[in-house]
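These notes concern the structure reproduced below.
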Amino acid sequence: MTEDLKCLPDDGTGWSYTELPERARLALERFVPSDDEVDRRLLRFADVQPREPDNDGDVEILDGRRFTHRFVQAPGDHELIKWHYVEAGEGEPIVFLHGIPDSWFQWYHQMADLSSEFRCIAVDLKGYGQSSKVRGDYRHSGAAEQLVALLDEIGIDSFNLVTHDRGTVQGDYIAARYPDRVLRYGRGEQPLYHFNPVLGPQDVLFADAPWSGLMADPKRFVIWVYTFVGNLAVPDDDMRRIIQEFCYADTNKAVPRYFLSSTFRKEWIERRTTLMGAWRCPITIMQGADSRSQPREFYTDARQYIPNAERVDVRFVPGGHFWTVESAKETTDVIREMMSL
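Counting from 1, position 340 in the sequence shown corresponds to residue 347 in my numbering; the numbering is continuous, with no gaps.
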């Protein structure tokens, strides 16, 4: 670590935030993008049109590998939830969970490479992509249980879990509640022990989206988020598909329900009080080396806060928040290393 982390004074609730390292404080000066900056980037993708929905069994070739689209109904919200997931390869399962504003597609580079050895399964989280948008339980704890019901439905017992951003919030519950089923946990781009709310203005912005109109134009919203917390350039073809996946009907209506059901602070408190101590499997913490919203200094001491895991490794991937597409090969290398443990 380049500098010692310091806890700010207790706010009277018993919880203390971690003071920002100097590098993170400087990054705040150019944190939320201006409208002009977003508009300039948006012009580059003005011709992107909505993508037709897939059908069960549809196949597409990406990075030279065969990907199959699946649609399954599984128990949830006292009814059945329609799930969309995509799979490639055979062997020991790796389940991938994406973040915002993404979809299963966030992981296609990694899936294409790893599918030569493993069964790679990437799910559209409830409310995203081509999965169900119906109202119901959008607490991450509840959504995690519904994801496990999906895995039960498709016959996945033991599995490896690889997550990013909002998918990690659900992954934390799965790893804690099902330690006998999660073989390894690649935990990506989400606060752990250290937290400072000034790095998360999107917590309120996303919750207020139904009234502010932040997500009203899905294409603009995707560009806004990638400009906000991205770092390295994302290939244009990838960016086009990322936009299309967020443009499926009612995604922009369903996603804010998660943010109206909790807060980043509440997630952090539950993580520290309940979840982290329940993790048992080997864990690889994956973070963007230059993530502006989650400074790498917050993760170098991760091992001491996850005492019961078999082992804890920390890996910093080149790029900002979206390293799965900013540094696709390096991300795959980290996952492959994890799978060798």
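Every residue, glycine too, gets a C-beta built ideally from N, C-alpha and C.
Thinking just about the alpha-carbon of each residue, which of the options is nearest to the one in residue i?
{"i": "Ile-250", "options": "Pro-225, Leu-267 and Arg-272", "result": "Pro-225"}
{"i": "Asp-84", "options": "Ala-150, Met-345 and Phe-266", "result": "Ala-150"}
{"i": "Val-211", "options": "Phe-266, Ile-68, Pro-100 and Arg-47", "result": "Phe-266"}
{"i": "Asn-167", "options": "Gly-178, Ala-223, Ile-161 and Ser-268", "result": "Gly-178"}
{"i": "His-328", "options": "Val-232, Met-345 and Ile-88", "result": "Val-232"}
{"i": "Thr-395", "options": "Tyr-115, Ser-23, Leu-69 and Tyr-92", "result": "Past the edges of the chain, shown from 8 to 348, lies residue 395, and the structure says nothing about it."}
{"i": "Gly-207", "options": "Tyr-192, Phe-235 and Glu-44", "result": "Phe-235"}
{"i": "Pro-108", "options": "Gln-153, Ser-139, Arg-227 and Arg-318", "result": "Arg-227"}
{"i": "Tyr-92", "options": "Asp-340, Thr-339, Val-341 and Trp-111", "result": "Trp-111"}
Can you give me the C-alpha to C-alpha distance between residue i and residue j, rounded to a whole angstrom?
{"i": "Leu-49", "j": "Asp-42", "result": "10 Å"}
{"i": "Ser-123", "j": "Val-102", "result": "15 Å"}
{"i": "Glu-67", "j": "Gly-106", "result": "22 Å"}
{"i": "Ala-216", "j": "Pro-263", "result": "7 Å"}
{"i": "Met-222", "j": "Glu-26", "result": "31 Å"}
{"i": "Thr-175", "j": "Ala-182", "result": "10 Å"}
{"i": "Met-345", "j": "Asp-308", "result": "19 Å"}
{"i": "Gly-162", "j": "Lys-133", "result": "19 Å"}
{"i": "Ala-129", "j": "Leu-104", "result": "6 Å"}
{"i": "Val-324", "j": "Pro-100", "result": "23 Å"}
{"i": "Thr-75", "j": "Gln-113", "result": "15 Å"}
If you reduce the DSSP assignment to three classes, tell me which class residue i lands in.
{"i": "Thr-339", "result": "helix"}
{"i": "Met-293", "result": "strand"}
Give the range of the beta strand (DSSP E) segment to which residue i is assigned.
{"i": "Asn-167", "result": "166-170"}
{"i": "Glu-67", "result": "66-69"}
{"i": "Gln-80", "result": "72-83"}
{"i": "Tyr-92", "result": "86-95"}
{"i": "Leu-190", "result": "189-195"}
{"i": "Ile-313", "result": "No beta strand (DSSP E) contains Ile-313, which DSSP labels as neither H nor E."}
{"i": "Arg-303", "result": "Looking at the DSSP string, Arg-303 is not in any beta strand (DSSP E), and its letter there is neither H nor E."}
{"i": "Ile-163", "result": "First-last for Ile-163: undefined, no H or E at that position."}
Just reading off the alpha helix (DSSP H) that residue i is part of, what are its end residues?
{"i": "Ala-349", "result": "Look at the range of the chain in this structure, 8 to 348, and you will see that residue 349 is not part of it."}
{"i": "Pro-263", "result": "263-268"}
{"i": "Ala-34", "result": "29-34"}
For residue i, verify whether its CB is less than 7 Å away from any heavy atom of the ligand ADP.
{"i": "Arg-32", "result": "The ligand ADP is not part of the structure shown, which contains no ligands of any sort."}
Is the region 294-307 touching the region 260-277, taking contact as three or more C-beta pairs under 8 Å? Counting Cβ pairs under 8 Å, fewer than three are found: no touch.
contact_flag[the region 176-189, the region 108-126] where n(CB pairs < 8 Å) is 3 or more: No, the region 176-189 is not in contact with the region 108-126.
Are the region 309-321 and the region 279-287 in contact at 8 Å, needing three or more beta carbon pairs? Touching, per the Cβ criterion.
Does the contact criterion of 3 or more C-beta pairs under 8 Å hold for the region 58-74 versus the region 29-36? Taking 8 Å as the limit for Cβ pairs, the verdict is that the region 29-36 does not touch the region 58-74.
Would you call the region 191-207 and the region 238-255 in contact, with 3 or more CB pairs under 8 Å? The region 191-207 is not in contact with the region 238-255.
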